[in-house]
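What follows is a single structure, written as structure tokens, with notes after it.
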Amino acid sequence: MNAELIEQYWVRRLFVDFCRSPVLEVSDGALVGRLDHYAQFFAEIDRHLSDWKEVSQESLYRIFTAEGLRRHYLPVSYLVRRLRLPWSNDDLAELIERDRRLQALQRLGDRVWVGTLHEYADWLSRDTQAKLREKSIRVYVNAAAKLLEHAQVERPTELDAKHLTRFLRRHPGHRASLTRFVRFLKVQHGLSIALPPGRPPRKNRYASRVEHTVRQITTALERPCTAAKRRALVAELLARLYGVPLTRVLALTRSEVTHQGHKVVLWPGESDIRLEEKVARLFRESVLDEARGEMLFPGRNGVQPLSTHAVKYYVRQHAG
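Numbering-wise (numbering that gives the first Met the number 0), the sequence shown opens with residue 0 and increments by one.
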């Protein structure tokens, strides 16, 4: 495949300019062997879009999926710079989570209550006070779906307290996620049911293992290593110490960090995670002071965050 097979002039021009760009010459030694691969990328754009103004983060995601964007990081980075595309890792994460939710609902088939779950998801999205992220919405909808499947009711309005009690006895971890569903049923469908009293919290069986890993990472950070490795170790430290998914830590941006006196707060107004003094110092020195742009844990392409695989590799290498 070559540029002649790309029909639209604007796409062909982008492809040719990309092939002449310095980033391609520097980063790809086997240039000739990769031209067909890059041409296929631009051919997909040619097939799906009719104007360069239609190129956006969302349109590229719809064409290539998240994995495709990751594999095509060179042409994606080029388009972001060449067309000055706004690019947000938070927005990308939202698109991914929304698709996961829709796919999960689609797998439920033609059950009568699936429509109510779509309505529930829309209701959660409109909650301007809570400002829920797509991942939270997916978790809440998934919990509601599991409840309805377990209860074996045709309609959500057939649920009663016994259904909730039996379900939570077997799946106590869904209790918090069902709070909003119970409220939704009351507000939107007039069904008044209440969650049964919860069990007292159990001691986390993984606490000692997490504590051991935190000690290993902290020790590793005291030894000399490259800036990239230090960022990876700090990301793992935050995930372990504060129970935050590593993917969320890696998507952290400068605007999601505030300073309150000598303390550092992550995701203020949402999670409000306040870093302990030693952790705050490591975070400032290894991440905040080193980051050049908005993204605090950039990957090799500078457009998407560092991958979880890279972080795990560094942790095994330096803190294992």
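Note that the Cβ used here is the ideal one computed from N, Cα and C, for glycine as well. Being a predicted model, the structure only gives us computed values, none of them experimental.
Check: Under the three-state reduction of DSSP, which class applies to His170: helix, strand or coil?
Finding: Taking the first residue of the sequence shown as position 1, residue 170 is located at position 171. Coil.
Next item on the list: Tell me whether Glu378 is buried or exposed, calling it buried when 16 or more other Cβ atoms sit within 10 Å of its Cβ.
Entry: This structure leaves residue 378 out entirely; the chain is present only between 0 and 319.
Note to self: Rounded to the nearest angstrom, what separates Ser135 and His36 at their Cα positions?
What the structure shows: Taking the first residue of the sequence shown as position 1, residue 135 is located at position 136. Taking the first residue of the sequence shown as position 1, residue 36 is located at position 37. Each residue's alpha carbon lies about 37 Å from the other.
Next item on the list: Whole angstroms is fine: what's the gap from Gln105's alpha carbon to Lys262's?
Entry: Within the sequence shown, the letter at position 106 stands for residue 105. Within the sequence shown, the letter at position 263 stands for residue 262. When rounded, the distance between both Cα atoms is 45 Å.
Next item on the list: Find the nearest neighbour of Val248 within the set Thr212, Ala38, Val310 and Trp51, judged by alpha-carbon distance.
Entry: If you number the sequence shown from 1, residue 248 lands on position 249. Closest in alpha carbon position to Val248, among Thr212, Ala38, Val310 and Trp51, is Val310.
Margin query: So if DSSP puts Ile272 in a beta bridge, which residue, or which two residues, is it bridged to?
Written below: Along the sequence shown, one-based indexing puts residue 272 at 273. Beta-bridge pairing by DSSP links Ile272 to Leu265.
Checklist line | Which of helix, strand or coil DSSP assigns to Pro223 | finding: Working through the sequence shown from its first residue, we reach residue 223 at position 224. Looking at Pro223 - three-state DSSP - the assignment turns out to be coil, as it is neither helix nor strand.
Next item on the list: Could you give the DSSP three-state label for Pro304: helix, strand or coil?
Entry: For the purposes of this step, residue 304 is identified with residue 305 of the sequence shown, where counting begins at 1. Three-state result, Pro304: strand.
Margin query: If the criterion is Cβ atoms closer than 8 Å, does the pair Leu194 and Val213 meet it?
Written below: Residue mapping note: residue 194 aligns to position 195 of the sequence shown, counting from 1. Residue mapping note: residue 213 aligns to position 214 of the sequence shown, counting from 1. Against a cut-off of 8 Å, the Cβ pair of Val213 and Leu194 comes out as no contact.
Notebook entry, point to check: CB Tyr313 to CB Leu190, shorter than 8 Å?
Noted result: The count along the sequence shown starts at 1 and reaches residue 313 at position 314. The count along the sequence shown starts at 1 and reaches residue 190 at position 191. Against a cut-off of 8 Å, the Cβ pair of Leu190 and Tyr313 comes out as no contact.
Check: Around the C-beta of Gly260, are 16 or more other C-beta atoms found within 10 angstroms, so that it is buried, or is it exposed?
Finding: Locating residue 260 in the sequence shown gives position 261, where the first residue counts as 1. Counting the other CB atoms within 10 Å of its CB gives Gly260 a total below 16, which places it among the exposed residues.
Note to self: Looking only at its chain, what residues have a beta carbon closer than 8 Å to the beta carbon of Trp9, apart from the 5 residues adjacent to it on each side?
What the structure shows: As a position in the sequence shown, residue 9 is number 10, starting the count at 1. Taken in chain order, the residues that qualify are Asp50 and Trp51.
Check: For the stretch 89-105 against the stretch 139-152, are there 3 or more C-beta pairs whose distance is under 8 Å?
Finding: Counting Cβ pairs under 8 Å, three or more are found: they touch.
Margin query: Rounded to whole angstroms, what is the Cα-Cα separation between Val15 and Arg33?
Written below: Your numbering for residue 15 matches position 16 in the sequence shown. Your numbering for residue 33 matches position 34 in the sequence shown. For Val15 and Arg33, the distance between alpha carbons rounds to 14 Å.
Next item on the list: Along the beta strand (DSSP E) that carries Val152, what are the first and last residues, could you check?
Entry: Here residue 152 corresponds to residue number 153 of the sequence shown, with the count starting at 1. Val152: not part of any beta strand (DSSP E); DSSP gives it neither H nor E.
Check: What residue does the alpha helix (DSSP H) around Tyr246 start on, and which one ends it?
Finding: Counting from 1 along the sequence shown, the entry for residue 246 is found at position 247. As written in the sequence, residue 246 is Thr, which differs from the Tyr given in the question. Leu245 to Leu249 is the span of the alpha helix (DSSP H), which, as asked, contains Thr246.
Checklist line | Which of helix, strand or coil DSSP assigns to His36 | finding: The residue given as residue 36 occupies position 37 in the sequence shown. It is helical.
Next item on the list: With a cut-off of 8 Å on the beta carbons, I'd call Ser88 and Gln316 a contact; round off their distance for me.
Entry: Translated into positions along the sequence shown, residue 88 becomes position 89. Translated into positions along the sequence shown, residue 316 becomes position 317. Note on identity: in this sequence residue 88 is Asn, with Ser being the wrong assignment. Not quite, the Cβ-Cβ distance comes to about 25 Å (not below 8 Å), so this is no contact.
Checklist line | Coarse secondary structure for Thr127, derived from DSSP in three states | finding: Looking up residue 127 in the sequence shown gives position 128. In the displayed model, Thr127 falls within coil according to three-state DSSP, outside both helix and strand.
Next item on the list: Report yes if the C-beta distance between Asp251 and Leu295 is below 8 Å; otherwise report no.
Entry: Reading the sequence shown from its first residue, position 252 is the one you call residue 251. Reading the sequence shown from its first residue, position 296 is the one you call residue 295. The sequence shown places Leu at residue 251, not Asp. Yes. Within cutoff.
Notebook entry, point to check: So the beta strand (DSSP E) Val256 belongs to, where does it begin and stop?
Noted result: For the purposes of this step, residue 256 is taken as the residue at position 257 of the sequence shown. Counting along the chain, the beta strand (DSSP E) containing Val256 begins and ends at Val256 to Gln259.
Notebook entry, point to check: For the alpha helix (DSSP H) that Arg283 lies in, which residues bound it at each end?
Noted result: Start at 1 with the first residue of the sequence shown, and residue 283 comes out as number 284. First-last for Arg283: undefined, no H or E at that position.
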